[in-house]
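Undergrad: In the order they appear, the protein sequences are chains A and B. In terms of our numbering, the first sequence opens at residue 1 and continues consecutively. In terms of our numbering, the second sequence opens at residue 1 and continues consecutively. For glycine and all other residues, C-beta sits at the position ideal for the given N, C-alpha and C. As the structure is a prediction and not an experimental result, all values here were calculated from the model.
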Amino acid sequence: MALQRLSGWGRTAWTVADLFHTNDVHEMQRIIDGSGPRGVIARGLGRSYGAAAQNAGGNVIEITAEGDPNGVDAFLDSATGVLDVASSVSLDSILRMSVPRGWFVPVTPGTRFITVGGAIASDVHGKNHHFDGSFGQHVSSITLLLASGEILEMSPQSHPEWFWATVGGMGLTGIVLRAKVRMLPIESSRVRVETERLVNFDAVCEAMSSDGADNDYRYSVCWIDLLATGSSMGRGVLTRGEHASVADVKDDDVLAYDPRLKVPAPGWVPNGVLNKWSIKAFNEVWYRKAPANRHVSIESIPQFFHPLDGVHQWNRLYGKQGFIQYQFIVPLDRIDVLRTVIETFSSAGVASFLAVLKRMGPQNLAPMSFPTEGWTLTLDMAAGIKGLPELLAKVDNMVLDAGGRHYLAKDSHVSPTAVRRGYPRLDEWMQTRDSMDPYGLWRSDLARRLGLVSAQHTRENE
Amino acid sequence: MKNGVGVAQNIVLFGGTSDIGHAILRRIIKPGVARVALVSRDLDAAATFASEMEDSFPDVEIHHVRYDAADASSMAHVVTEIVSEIGDIDVAVIAQGLLNEGADYYNDPTALIPLAEVNFTSTMVLLYALAQQMKLQGYGKTVLLSSVAGERVRKGNPAYGATKAGIDGFALALDHELVGTGASILVVRPGFVTTKMTTGMKKAPFSTDAESVAKVVESGIASGKKIVWAPGLLRWMFLILKNVPLPIWRKLPL
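Here it is, written out as structure tokens:
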């Protein structure tokens, strides 16, 4: 145990906690028992952007399997495709083991450096949400360490309420120890990708609409140039893909998988390197690089799914000030709000290096799971931009007024009122949460800001 | 704690009627602030500012806490009371202070006692009490209003300068002790500030106003600085003035 300064992937809002690193459940039980009123939270690879996996003044248990001398604690049943895996294992480790055997993870976000525990707690989604839903829908069992120290194996059938409270529950229901995940069979380790350039926002929304061809593709996402103005406003590059068949791949080893990292980000970057002008130049190149007409290519898994993982610690590119990632969703018929939001950021001169639009499929059973049927837009921006708190508050209200919500795994700033408006089942979830943790032991900075844990810490007073 | 865009949730002002304190709060209260506590001796005097805040920031809860800055022994208790009222203290602004301009200490040396108590003793107790609370929270920023008068104490109001010199040095050393805990202190060294505290006094060179002080405090909090000056030029001036030989220093028309 040692006092340690922690932040999320966005490198903002640093706080100090007692940090423990362990995969041993007895050790975890001891730490939970010794937790005071500031509580305890689990942390994986620290890829959530905001304050979800830190706990100012309390305890943080870092549970990762990187460099575990016992190897990767994951067993893949080749007959059924069910993966029995420790929560500490990363999607990266899983893919290295499973892809050569012909299996892919059912859902992957834009990075493979997340743990299974984190994937469940944030109920992560990927480019296939409209097709396959989010991570939690592919989990058949969760083994959870409760605040009481008990270990409980839950399935959606055996403990529906607790299971779905844990999916998307931001680690506030307990520590996920293991999970069973249904994997996706693949013929090859390549992806057949169709890329096309779309001249403006109307063209983007039409190409991705729910009554069009978009439903025929398993993976679909559109990069948007937020700095394009006038008739090009909202222009984008749409990429859609399918796992390639054996016939598509001109290679002897169709399941070869080599995700080695390419370039490290420089160790120190001054604030302001990513600015309106540098991003504008990048956007122009990126847009022009994409073929004007639809183009088919065969890409590797890292190329298609995890392009940013190619730059080690790319989050340092924003310098010491850090950055935030703003991700929200609005219902399908509220394209007008997307447009207003883009215009609001763009007229405030906020440049976003990475702006991504995706149409999401139906919501799952988890009360706190982010995806609902609609459009989700993700933007990143430097945290130190002048006037950002006021600007975000304005945009938050546009999103909430349209019946939308914000993604807690990325959240940096929303108010307790905003999360209550966005997640109408919050009270129901909090009741379930309190029943799983009556003494309010699970705490995080995110939970403290949003008031997600109502139970008072009363254990000492008994 | 503060959120990802640098906004603190809970803010406390000690010296709830201070003009500089008000100017700082006007700058750092933004969307994302949940609670503000105004700690003052005279609740009515703080009420005007409170109603201005309530109008400008309807989402922010304003709390009032009564205290006596001259009662050093009550400071730790005041911090406990604030915590029970609003929860964590993310940013504390200490703007309590007495100037006692024109006091005749020769005929009434006991008038030095409340000055030393408010500016030094009680502020020191408060800084420790806040440091302890912020260590437990794993996060917290205390903003201490010091003064350039403490940089090199001189005639005119040596008692004021000496208390500021003392508390300034104390706060910097305490901040050093707090490294790694998440708690930290920002020392603010304004020059002559035109406020109600200095009404009627002859303006010193390089005078400034409360709004300018608030501006450097805001950027000092954001960048994690240890000391800020207002105006910034004073930093370089005092680099020289501190080292001017005593006979010359005494002759300077400051």
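#1: According to DSSP, what are the bridge partners of G36/A?
#2: By alpha-carbon positions, which one of N157/B, L43/B, L99/B, V228/B ends up nearest to K196/B?
#3: Between which residues of its own chain and G136/A is the CB-CB distance below 7 Å, once the five residues before and five after are set aside?
#4: So is the beta-carbon of N215/A under 7 Å away from any non-hydrogen atom of the ligand SAH?
#5: Please return the same chain residues whose Cβ sits closer than 8 Å to the Cβ of V99/A, not counting the five positions on each side in sequence.
#6: In chain order, what residues of the stretch 15 to 27 of chain A put their CB closer than 7 Å to some CB of chain B?
#7: Between which two residues does the beta strand (DSSP E) holding W229/B run?
#8: Indicate the three-state DSSP secondary structure (helix, strand or coil) for Y423/A in the structure shown.
#9: Cα-Cα, which of Q96/B, I221/B, A50/B, A70/B is closest to I62/B?
#10: For N461/A, which residues from the same chain have a beta carbon less than 7 Å from its beta carbon, with the 5 sequence-adjacent residues on both sides left out?
#11: Which chain B residues are close to A13/A, counting only those with a beta carbon under 9 Å from its beta carbon?
#12: Listed in chain order, which residues of the stretch 181 to 197 of chain B have Cβ atoms closer than 9 Å to some Cβ of chain A?
#13: Just to confirm my understanding: we take V221/A, look at its own chain, exclude 5 residues before and 5 after, and list those with CB closer than 7 Å. What are they?
#14: Mapping the DSSP letters down to three states, classify S435/A as helix, strand or coil.
#15: Applying the 10 Å Cβ sphere with the 16-neighbour rule, what's the burial state of E151/B?
#16: For V181/A, which option in T12/A, A13/A, L379/A, F104/A has the closest C-alpha, if you only look at C-alpha atoms?
#17: Pull up the distance between the alpha-carbon of Q321/A and that of T15/A, whole angstroms please.
#18: Whole angstroms are fine: how far does the CA of V414/A sit from the CA of S454/A?
#19: Could you check what DSSP says for T195/A in three-state terms: helix, strand or coil?
#20: Using a Cβ-Cβ distance under 8 Å, would Q9/B count as near chain A?
#21: Using a Cβ cut-off of 8 Å, pull out every chain B residue sitting near E62/A, in sequence order please.
#22: According to DSSP, is F163/A helix, strand or coil?
#23: Any contact between the stretch 58 to 76 of chain B and the stretch 193 to 207 of chain B? By contact I mean 3 or more CB pairs, one from each, below 8 Å.
#24: Out of I11/B, V7/B, N3/B, point me to the one whose CA is closest to G8/A's CA.
#25: Would you report the Cα separation of G156/B and E101/B, rounded to the nearest angstrom?
#26: What is the rounded straight-line gap between the Cα of V82/A and the Cα of L25/B?
#27: Assign G169/B to one of three DSSP states: helix, strand, or coil.
#28: Please confirm if E52/A has its CB atom under 8 Å from at least one CB of chain B.
#29: Find the residues of chain A that neighbour L31/B, judging by a C-beta separation of less than 7 Å, and give them in chain order.
#30: Run through the DSSP bridge pairs and tell me what N59/A is partnered with.
#31: What three-state label does DSSP hand S375/A in the structure shown?
#32: If V188/B sits next to L130/B, beta carbons under 8 Å apart, how far is it from one beta carbon to the other, in whole angstroms?
#33: Tell me, please, which residues DSSP counts as bridged to W314/A.
#34: Do we get a CB-CB distance below 8 Å when we pair V12/B with the residues of chain A?
#35: Taking Cβ to Cβ, would you say A13/A is nearer than 8 Å to D445/A?
#36: In chain B, which residues lie with their C-beta within 9 Å of the C-beta of L3/A?
TA: Quick look at the numbers:
#1: Translated into positions along the first sequence, residue 36/A becomes position 36. Answer by DSSP bridge pairing: none, since G36/A is not bridged.
#2: The residue given as residue 196/B occupies position 196 in the second sequence. When each option's Cα is compared against that of K196/B, the closest is L99/B.
#3: Sequence index remark: in the first sequence, residue 136/A carries index 136 (1-based). Only I120, D123, V167, G168, N364, A366, S369 meet the Cβ criterion.
#4: As presented, the structure is devoid of all ligands, the ligand SAH included, so that no description of it is given.
#5: For the purposes of this step, residue 99/A is taken as residue 99 along the first sequence, with counting starting at 1. Excluding positions up to five away in sequence, the list reads I186, S189, L255, Y257, I301.
#6: T15, V16, A17
#7: Numbered from its first residue, the second sequence carries residue 229/B at position 229. Run containing W229/B: 227 to 230, per the beta strand (DSSP E) assignment.
#8: Along the first sequence, read from residue 1 onward, the residue named residue 423/A stands at position 423. In this structure, Y423/A counts as coil in the three-state DSSP scheme.
#9: Position 62 of the second sequence, counted from the start, is the residue given in the question as residue 62/B. Nearest C-alpha to I62/B: A50/B.
#10: One-based indexing of the first sequence puts residue 461/A at position 461. In this prediction, N461/A scores a pLDDT of 43, lower than 50, which makes its location untrustworthy; the coordinate-derived value is nonetheless stated afterwards. Nothing listed; no residue qualifies.
#11: As a working mapping, residue 13/A is identified with position 13 in the first sequence. Near A13/A (Cβ distances below 9 Å), the residues of chain B are M1, K2, N3, G4, V5, G6, Y139.
#12: T181, G182, A183
#13: Indexing the first sequence from 1 puts residue 221/A at position 221. Around V221/A: K127, T239, V356, K358.
#14: For the purposes of this step, residue 435/A is taken as the residue at position 435 of the first sequence. Looking at S435/A - three-state DSSP - the assignment turns out to be helix.
#15: Your numbering for residue 151/B matches position 151 in the second sequence. Buried: at least 16 other Cβ atoms inside 10 Å.
#16: Within the first sequence, residue 181/A is the residue found at index 181, counting from 1. Of the candidates T12/A, A13/A, L379/A, F104/A, the one whose C-alpha sits nearest the C-alpha of V181/A is F104/A.
#17: Translated into positions along the first sequence, residue 321/A becomes position 321. Translated into positions along the first sequence, residue 15/A becomes position 15. Spanning the two alpha carbons is a distance of roughly 15 Å.
#18: Stepping through the first sequence from its first residue, residue 454/A is reached at position 454. Stepping through the first sequence from its first residue, residue 414/A is reached at position 414. Their Cα atoms are separated by approximately 18 Å.
#19: The residue given as residue 195/A occupies position 195 in the first sequence. If DSSP states are grouped into helix, strand and coil, T195/A belongs with the strands.
#20: Taking the first residue of the second sequence as 1, we reach residue 9/B at position 9. Q9/B counts as touching chain A.
#21: Working through the first sequence from its first residue, we reach residue 62/A at position 62. None at all; the shortest Cβ gap to chain B is about 16 Å.
#22: Locating residue 163/A in the first sequence gives position 163, where the first residue counts as 1. If DSSP states are grouped into helix, strand and coil, F163/A belongs with the helices.
#23: no
#24: Residue mapping note: residue 8/A aligns to position 8 of the first sequence, counting from 1. It is N3/B whose Cα lies nearest to the Cα of G8/A.
#25: What you label residue 156/B is simply residue 156 of the second sequence in a count that begins at 1. What you label residue 101/B is simply residue 101 of the second sequence in a count that begins at 1. Each residue's alpha carbon lies about 9 Å from the other.
#26: Position 82 of the first sequence, counted from the start, is the residue given in the question as residue 82/A. Position 25 of the second sequence, counted from the start, is the residue given in the question as residue 25/B. Cα-Cα distance, rounded: 56 Å.
#27: Indexing the second sequence from 1 puts residue 169/B at position 169. In the structure shown, G169/B sits in a helix (DSSP, three-state: H, G or I).
#28: Locating residue 52/A in the first sequence gives position 52, counting from the first residue. At residue 52/A the sequence reads Ala, which differs from the Glu that was named. So no, A52/A is outside the interface.
#29: Numbered from 1 along the second sequence, position 31 holds the residue referred to as residue 31/B. First, the residue type needs correcting, since residue 31/B is Pro and not Leu in the sequence shown. In chain order: P389, E390, A393.
#30: Position 59 of the first sequence, counting from 1, holds the residue named residue 59/A. D18/A, V40/A.
#31: In the first sequence, residue 375/A corresponds to position 375, counting from 1. The question names Ser, but residue 375/A is Trp in the sequence shown. If DSSP states are grouped into helix, strand and coil, W375/A belongs with the strands.
#32: In the second sequence, the residue the question calls residue 188/B occupies position 188. In the second sequence, the residue the question calls residue 130/B occupies position 130. Their Cβ separation, rounded to whole angstroms, is 15 Å, which puts V188/B and L130/B out of contact at 8 Å.
#33: Along the first sequence, read from residue 1 onward, the residue named residue 314/A stands at position 314. DSSP lists no partner for W314/A.
#34: Taking the first residue of the second sequence as 1, we reach residue 12/B at position 12. Output row for V12/B: interface = no.
#35: Position 13 of the first sequence, counted from the start, is the residue given in the question as residue 13/A. Position 445 of the first sequence, counted from the start, is the residue given in the question as residue 445/A. Contact: yes.
#36: Mapped onto the first sequence, residue 3/A falls at position 3. Correct list: G138, G180, T181, G182.
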